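Chemist:
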Amino acid sequence: MRSFMGRKGGNYSGMSMAQAYKKNHWGIEHVMEKEVDDDDLPEHLIENGRLVEIHYRPSMNHNPKRKDKIFKLTKKQANQSHLAFDPDHPNERLYMVLSPETMKKVKKQFWQNASYDSIPLNDLAEVVGGRHAREDYPDIDVKPVGIMTAVVYATEKRGDGYSFYIHKMGEESGIQPALGVDNKGRLWIAGGNYTNPAPGITD
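Residue numbers (the working numbering): 15 to 217.
Printed below as a string of structure tokens:
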């Protein structure tokens, strides 16, 4: 079972789960914990916010002229899906935890209609490189969806109230993660050069 509260590590070393959440949300206390039955996820995750949009370039080459596509969740799907990070990972690795309804949609759109064959998730991370190109992903196969260029999530942070946050991937380093999908309809962020300190996702 998995929880959306985290423990410590990296920018959150020595903190309790509640303290790490509060730091990441600029002083806002957590209000709930949620159990997720998925053995491929880390033991603990902290929610960045509700997952709203995923921006991606449907190609595995870094061609900035290729127009982005947007996978947008409905309000209902977003309220049950989460962008979260692992506070015990040295680079605060990001995960997308989707509702069952969203996973069905993802499987149909990205797995069944994929342009690429499946490869190990660790290999996909290595293709794009960056600080997350490490062989510490779950031992699963994914089909590449493309290069992930941005993510949008909604949450409350002190001073901003409830807001939508958009984070461009690879904004400084130019190393953007890959977006992969597995046969269950789960989406994975592979590779990339981001971290997730208290100010938010940075590159």
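From the three backbone atoms N, C-alpha and C, an ideal C-beta is built for every residue, glycine too.
Predicted model, so just to flag it, every value in this text is computed and none were measured.
Within 10 Å of its beta-carbon, does residue 95 have 16 or more other beta-carbons around it, so buried, or fewer, so exposed?
Modeler: Its Cβ being crowded by 16 or more others within 10 Å, residue 95 is buried.
Chemist: Note down, in chain order, each residue of its chain lying with its Cβ closer than 8 Å to the Cβ of residue 20, except the 5 sequence neighbours on either side.
Modeler: Residue placement at residue 20 is flagged as unreliable, the pLDDT there being 43, under the threshold of 50; the coordinate-derived value follows with that caveat. Around residue 20: 26, 31, 34, 35, 58, 59, 60, 99, 100, 101, 102.
Chemist: From which residue to which residue does the alpha helix (DSSP H) around residue 191 run?
Modeler: Careful: residue 191 lies outside any alpha helix (DSSP H) and carries neither H nor E.
Chemist: Short of 7 Å in beta carbon distance, which residues of its chain neighbour residue 115, apart from the five on each side in sequence? Order them along the chain.
Modeler: Closer than 7 Å at the Cβ level, and outside the excluded window around residue 115, lie 91.
Chemist: Is it true that the CB of residue 184 sits closer than 8 Å to the CB of residue 217?
Modeler: Closer than 8 Å, so yes.
Chemist: Quick check on DSSP: helix, strand or coil for residue 88?
Modeler: Here residue 88 sits in coil by DSSP.
Chemist: Tell me the rounded alpha-carbon separation between residue 178 and residue 211.
Modeler: Going by the C-alpha atoms only, they are around 18 Å apart.
Chemist: Please name the residue, chosen from 199, 144, 172, that lies closest to residue 52 on a Cα-to-Cα basis.
Modeler: The candidate whose alpha carbon is nearest that of residue 52 is 199.
Chemist: Go ahead and label residue 157 buried or exposed: buried means 16 or more other beta carbons lie within 10 angstroms of its beta carbon, across all protein chains shown.
Modeler: That one is buried.
Chemist: At what residue ranges does the region 59 to 144 contain a whole run of the beta strand (DSSP E), taking only runs of 3 or more?
Modeler: For the region 59 to 144, whole beta strand (DSSP E) runs of length 3 or above, ordered along the chain, are 60 to 71, 83 to 86, 96 to 99, 108 to 111.
Chemist: The alpha helix (DSSP H) with residue 35 in it runs from where to where?
Modeler: Residue 35 -> alpha helix (DSSP H) spans 31 to 38.
Chemist: Given a cut-off of 8 Å, decide if residue 50 and residue 111 are closer than it, judged by their beta-carbon atoms.
Modeler: Against a cut-off of 8 Å, the Cβ pair of residue 50 and residue 111 comes out as a contact.
Chemist: In the DSSP assignment, what residue or residues form a beta bridge with residue 166?
Modeler: Its beta-bridge partners are 67, 180.
Chemist: Could you tell me which residues DSSP pairs with residue 147 in its beta bridges?
Modeler: Looking at the DSSP assignment, residue 147 forms no beta bridge with any residue, so it has no partner.
Chemist: So, for residue 130: in the same chain, excluding its five sequence neighbours on each side, which residues have a beta-carbon less than 6 Å away from its beta-carbon?
Modeler: Cβ neighbours of residue 130 beyond the five flanking positions: 157, 158.
Chemist: Tell me which same chain residues have a C-beta within less than 6 Å of the C-beta of residue 74, skipping the five on either side of it?
Modeler: Same-chain partners within the cutoff: 158.
Chemist: Taking all protein chains shown into account, do 16 or more other C-beta atoms lie within 10 angstroms of the C-beta of residue 15, making it buried, or fewer, making it exposed?
Modeler: Low confidence applies here, because residue 15 scores a pLDDT of 32, under 50, leaving its location unreliable and the question unanswered by this model.
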